[in-house]
Amino acid sequence: MPGGDMKTPLLADSDSDAPGPLPRLPGNPVVGIIGSGDYSRSLAIRLVASGFGVVVGSRNPQRIASGLFPEGVQLRSQREAVDGADRVVFAALYPEHYHTLAGLRDGLAGKVLVDVSNATRLNSGEPSHAERLAELFPQSRVVKGFNVISAWALQAGAHDGSRQVLICSDCCDSKAAVVQLVRRLGFSPVDLGGLAASRAIEEAPLHLFPPWGGPVLVTLLLFLFFYGYNFLRRVLLPYLDHGENNFYQLPLQTVNQTLPAVALVTLALVYLPGLVAAVLQLGRGTKYERFPGWLDRWLCRRKQLGLLSFLCAGAHAVYSMCLTLRRAAGYTLLNAAYRQVKAGVENSWVEQQVWRSDLYLSCGILGLGVLTLLAITSLPSVGNALNWREFTFVQSGLGYAALTLSIMHTLFFGWDFAFSSLAYPYFLPPVFLLALILPCIVLVGRVLLALPCLTFRLAKIRRGWESSRHRRCPRDQEPIEEAPPQNFGDV
Amino acid sequence: MPGGDMKTPLLADSDSDAPGPLPRLPGNPVVGIIGSGDYSRSLAIRLVASGFGVVVGSRNPQRIASGLFPEGVQLRSQREAVDGADRVVFAALYPEHYHTLAGLRDGLAGKVLVDVSNATRLNSGEPSHAERLAELFPQSRVVKGFNVISAWALQAGAHDGSRQVLICSDCCDSKAAVVQLVRRLGFSPVDLGGLAASRAIEEAPLHLFPPWGGPVLVTLLLFLFFYGYNFLRRVLLPYLDHGENNFYQLPLQTVNQTLPAVALVTLALVYLPGLVAAVLQLGRGTKYERFPGWLDRWLCRRKQLGLLSFLCAGAHAVYSMCLTLRRAAGYTLLNAAYRQVKAGVENSWVEQQVWRSDLYLSCGILGLGVLTLLAITSLPSVGNALNWREFTFVQSGLGYAALTLSIMHTLFFGWDFAFSSLAYPYFLPPVFLLALILPCIVLVGRVLLALPCLTFRLAKIRRGWESSRHRRCPRDQEPIEEAPPQNFGDV
Amino acid sequence: MPGGDMKTPLLADSDSDAPGPLPRLPGNPVVGIIGSGDYSRSLAIRLVASGFGVVVGSRNPQRIASGLFPEGVQLRSQREAVDGADRVVFAALYPEHYHTLAGLRDGLAGKVLVDVSNATRLNSGEPSHAERLAELFPQSRVVKGFNVISAWALQAGAHDGSRQVLICSDCCDSKAAVVQLVRRLGFSPVDLGGLAASRAIEEAPLHLFPPWGGPVLVTLLLFLFFYGYNFLRRVLLPYLDHGENNFYQLPLQTVNQTLPAVALVTLALVYLPGLVAAVLQLGRGTKYERFPGWLDRWLCRRKQLGLLSFLCAGAHAVYSMCLTLRRAAGYTLLNAAYRQVKAGVENSWVEQQVWRSDLYLSCGILGLGVLTLLAITSLPSVGNALNWREFTFVQSGLGYAALTLSIMHTLFFGWDFAFSSLAYPYFLPPVFLLALILPCIVLVGRVLLALPCLTFRLAKIRRGWESSRHRRCPRDQEPIEEAPPQNFGDV
């Protein structure tokens, strides 16, 4: 029956954004928390706000400042907290103090003990805190969870189930109980198996964008290479050679000559591993052999490489559109006007140059537009709304379209310059030639793989067919489940 | 009690991105999979990683390559797999081989049989695979599910419940069991009713952006029309008439004159159906008659039309900002400087032209900014965070603001040109006049509908009031639930 | 056992986007709806489509237009509807008519009564509709819910669990039953506690971007201030002083001088409250005293202030890139070319001005790029995928990088102008000087707080240490749960 005292509403009013407490309702499970520090407080606030009863156990309950814990939370000794909890007890204290709970072993027997600690160092190789807790309390069911939620998110976060809580445990019933609790608190539980996963879960909050490390490094190295090459070819060597002062180009113009090269090569690196994998499968005649480790990792980093390519391409576009804002551009134009008047040239129109500039600008804008569509579908909420066929159409189809347009943009930009000797000062070819090497290899490779004989053979291999050297015994018609037809870009 | 052997953690370590297997824990349900192909393998990997026991049934279990299925998966004959499964059995084989399972009918009786196949053709009119399976196995409960998840997503996808699995079945208990299984595997189940929905579910992965077909076609036709009109009026006819060579304009300038017209007309097409619907409701005097089919479809495509309009407007902005980068612009400026010097004109400032250009640029930037806000709220994650009142404010309020700013941008751009005879070469009006027709009709219509008498009557009709010709008998005060007050843009 | 008649599939076919009805399956719970208006109809459509049985109670069931409610919905009197419902009954009628249901009190005893009404006014101080309903029906369990879902979203919305339904009730069992129902209908339930929360839930759909009110006002005031200052200093006073006509600058140039100032000050306002809070904690020597209300609210509005700053910065970038498109820019260049030719100057290159312009453009583009990364991580779907460490790295680390780059952009733009007397017409300093005041204070403050002594002390305080004046009794080693190490930007 409805009852209880429900004084303070939960939604934020104009004076305070913190939810007020609610006392326990008869029938509501009571959750215990051992420890009375900051995390214990945030956890208590969230539990009480979701309608749970909470009893906090501390070694010195009298010393806890009043008003620290929300109304409705009972502050007791550790023993009383463990006994007062119905089933779930949170161990919200430093892992190095776990052994101090030894006296509660019998009280915790049969209860679910949730370990909320984080690891202190990545890859230390030691057993995880949860595993140590499981050894200390063999009669309890230890569940690892909640460590990925910060105290701030517990107190003030949304109740909309969008933030994930990683959970693992060896005991399925306890795990199910904690999963239910997670849902009631407004989070989204993710089950990661047995307690062997606890080390990885404890290290999860220490990661800093783990899949981005390699791609960012590659992009940075490419940038340094092309920037250094441009600096050498256009600034330093002309200066050493005939005292031409081009150092003013360093902040903007040299960067703007570097970014497109980096974007182009990185975009090629997105589609190259797919080709390498296809060639490997064709060569081996089977798809059941695992790829080399480096190829596997490369295949998993394609999304990050693509987004970095889009970032560089977008920055290149913005830098280019700012070229005419520069004083240097103004001075150049004024000097050119002076020379034209002094030379008495009435019309300085060169039709070829006009076509060249309009064509490469047009290809560049179209290529950037297609890359933008690709980047938008990489957003989590948009990507999840696409089915597999739509996703492949965008990532593979539009991706190759973007690569082609970018190559055309670069070729139009180059026009016939590569055939003039002016393009090779100090025997250094222009940057756009260097940048075109890898993308052209990728495009040609993709076209070759589209030849009917190769396409058909590769499709067969991907459906499970194996060349004779891999079949160990004659197979009769083993019905193979029809895997969704795969595109080259999606190995 | 905790037990079992949990060797390999589930989260990706640095050497491998594929989750390792976990053996079955006593108490974990055992799921059966008939078929040993690619999909069966991916399904087994995911099930084992989420703590289920898996027994795979194949006609020739000895011939399955070792190492293909993860550790912990039992490879048995089909009969043994069906018997070994606790309740759920996946039929992971080609639909044309379903009849080969006839001998397992008694073993499958009372069990839940999940059909994971996709349709091969859209709109073929045949019964779905799930319905055929239900006919073959009348004693089993057939559930349609998992076909929208690709093998790749099963193996390597996130466990975060963001990817949807469409499910349908005639038996609610079986459906509930599969829904629970879907959640444990880390997906998000969507219940679509009875087995009659299975045809649609089977066709779901074959769709390629179904709601976008019509709008993209409309936008493309508008583009071709305006591009052809511009080509005729500015390039071809002047060439045929007096040999003026404007062909260099085709890649960039003509496109830049076409895109804004397409964007403007498409934006008007977003708000026109709302006005047509309002007029229909006013004319009929009731809101309970259904709209014509074409109007219903048009109303449902408004979001896609709006996003295409934003795409064209953004491309127009980028093309415009690149206008000064073109060699043609440089030559034009240099030639103009030459002429000014030769004419001895010290100050070529024309105040009117300065105001015109600043005003239309300003309106254009503001209009694009408002369209960007509209596009951002169309993202799934942002749109879902808005309540109905906020969503209407943005889509309707900001939407009409964007339309108004775009019309002002075009009018300022046109300035007084439409009144000069130069604007009508070959009796063809300038493009901006053509593009303005529909948006002005929409804006005027919206203003008319804001007149108090019409607004009041329409609000009454939308609250459920009906004009006398629709009431069939005198109604006493029927309490009508107060529907949220609706804005014109949201029919 | 499977049975029932499942005629119409649920997914949209090409002719109709509305789902058809499904008759009730034996075993499916029956839900009752009192009221037969628009909302009742939408609710019935959704319930039937999710496989529930529905009985609608109306005072005059015969007068309901045929075809209004979907097939399978039973239209009965109110008494029959209440009796026919298994457990849950929706009260889909106007709150002012609740008293007319008094006669159903005994029929509703023990059943779950769901109140779906919205409040009509914000902050009216009256008891909520749900509380009045609970008083009228003390034997029923009143649950507040569904009012945030509009009729349109019920009929045509996605079944993907992304739209939230706020729920509250004093009775936990009833709340759990409604939560289950919400999930089956394809929504995402959010539990907000007891019935005291119903007032806030009823007002929820009336809010219009509540957290944005203050930040938008602040940004608007800053814009008006800087625009007025620029107008005074550059347009009005020169006009009154010596008749210089700069009014053409008002639409675009003055706006473009205002936007960067607004963006810079707003960005400083994002990081200032964190510094104030840190100083307060250092001064007080404890973190357990609550912040003043204004500081709390300011800290909660930082995300909105940051997004507004990004909006202004992006608009400033677009306005700047359009500067060369203006006729005024063309005329200025032509006049300058004329003067240069007349003066016989062959090379007007000024190296300092070239460096200045390239440097400030470069810093501006980099700053905008970093702000874009910040804005992208503010999207709900992206932000939820980051763990706490990554989120702090982006928001705090990249945030201060953006602030630094923006300050450098402004300083390079200013160059040495501030030291010239030309910069102070009418004793008014240039805008960029005014705009730099607050950001420089923030940056200097942040650098000061990074001094080892202050950092160490603040970290201690944030771990729970208190200075002696706050400790009321000697504490022994109270184990404190290790809270995640917090960055200054994340109080």
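Chains as they are written, first to last, in this note's numbering: chain A, 172 to 662; chain B, 172 to 662; chain C, 172 to 662.
Glycine is no exception: its CB is placed at the ideal position from the N, C-alpha and C atoms.
When B/500, B/483, B/599 are compared against residue 429 of chain B, the one with the closest alpha-carbon
B/483
Quick check: what's the CA-CA separation for residue 411 of chain B versus residue 404 of chain B?
11 Å
For residue 422 of chain A, would you say it is in contact with chain C, using Cβ-to-Cβ distances shorter than 8 Å as the test?
yes
Would you decide whether residue 513 of chain A is buried or exposed? Buried here means 16 or more other CB atoms lie within 10 Å of its CB.
exposed
Residue 555 of chain C vs residue 354 of chain A beta-carbon contact at 8 Å
no
Going by other Cβ atoms of all chains shown within 10 Å of its Cβ, with 16 needed for buried, is residue 438 of chain C buried or exposed?
buried
For a quick check, are the C-beta atoms of residue 372 of chain A and residue 294 of chain A less than 8 Å apart?
no
For residue 192 of chain B, which residues in the same chain have their Cβ closer than 8 Å to its Cβ, ignoring the five residues on either side in sequence?
Because the pLDDT of residue 192 of chain B is 36, which lies under 50, any placement of that residue in the model is unreliable, and the number read from its coordinates should be weighed accordingly. The residues are 179, 216, 219, 220, 241, 242, 243, 244.
Collapsed DSSP secondary structure at residue 360 of chain B in the structure displayed
strand
Tell me residue 227 of chain C's beta-bridge partners as DSSP assigns them.
C/204, C/246
Considering only residues of the same chain and omitting the five flanking positions on each side of residue 434 of chain A, which have a CB-CB separation below 7 Å?
480, 483, 484, 487
Whole angstroms is fine: what's the gap from residue 719 of chain A's alpha carbon to residue 581 of chain C's?
What is shown of chain A runs 172 to 662, which leaves residue 719 of chain A out entirely.
Three-state class that DSSP yields for residue 521 of chain A in the structure shown
coil
Does the distance from the CB of residue 366 of chain A to the CB of residue 280 of chain A come in under 8 Å?
no
Euclidean distance between Cα positions of residue 213 of chain C and residue 325 of chain C
6 Å
6 Å CB neighbourhood of residue 579 of chain A in its chain, flanking five on each side removed:
534
Interface flag, residue 391 of chain B vs chain C, CB-CB below 8 Å
no
Quick check: the region 343 to 353 of chain A against the region 283 to 298 of chain A, are there 3 or more CB pairs under 8 Å?
yes
What separation, rounded to the nearest whole angstrom, lies between the Cα atoms of residue 232 of chain A and residue 225 of chain A?
14 Å
In DSSP terms, what residue 261 of chain A is bridged to
A/204, A/285
On the DSSP letters alone, give me the boundaries of the alpha helix (DSSP H) that residue 337 of chain B sits inside.
Element bounds for residue 337 of chain B: not the alpha helix (DSSP H) but the beta strand (DSSP E), 335 to 340.
Distance, Cα to Cα, residue 338 of chain A vs residue 448 of chain B?
51 Å
Could you tell me which of B/604, B/623, B/299 sits nearest to residue 432 of chain B, measuring between CA atoms?
B/604
Just to confirm, are residue 529 of chain C and residue 551 of chain A a CB contact at a threshold of 8 Å?
no
Expected contact under 8 Å - CB spacing of residue 290 of chain C and residue 377 of chain C to nearest Å:
6 Å
For residue 450 of chain A, which of A/632, A/256, A/251, A/441 has the nearest alpha-carbon?
A/632
According to DSSP, simplified to helix, strand and coil, what is residue 315 of chain B?
strand
So the alpha helix (DSSP H) residue 210 of chain A belongs to, where does it begin and stop?
209 to 220
Give me the subset of the region 563 to 591 of chain C whose CB atoms are less than 7 Å from a CB atom of chain A, sorted by chain position.
564
With C-beta atoms as the reference, is residue 519 of chain A less than 8 Å away from residue 496 of chain B?
no
Tell whether a beta-carbon distance below 8 Å holds between residue 228 of chain B and residue 248 of chain B.
yes
Only counting runs of 3 or more residues, tell me where the beta strand (DSSP E) segments fall wholly within the region 479 to 520 of chain A, in order along the chain.
none
Buried or exposed for residue 627 of chain B, please, with buried defined as at least 16 other CB atoms from any protein chain shown within 10 angstroms of its CB.
exposed
For residue 374 of chain A, which residues in the same chain have their Cβ closer than 7 Å to its Cβ, ignoring the five residues on either side in sequence?
290, 293
If we count the other Cβ atoms within 10 Å of its Cβ and call it buried at 16 or more, is residue 463 of chain A buried or exposed?
exposed
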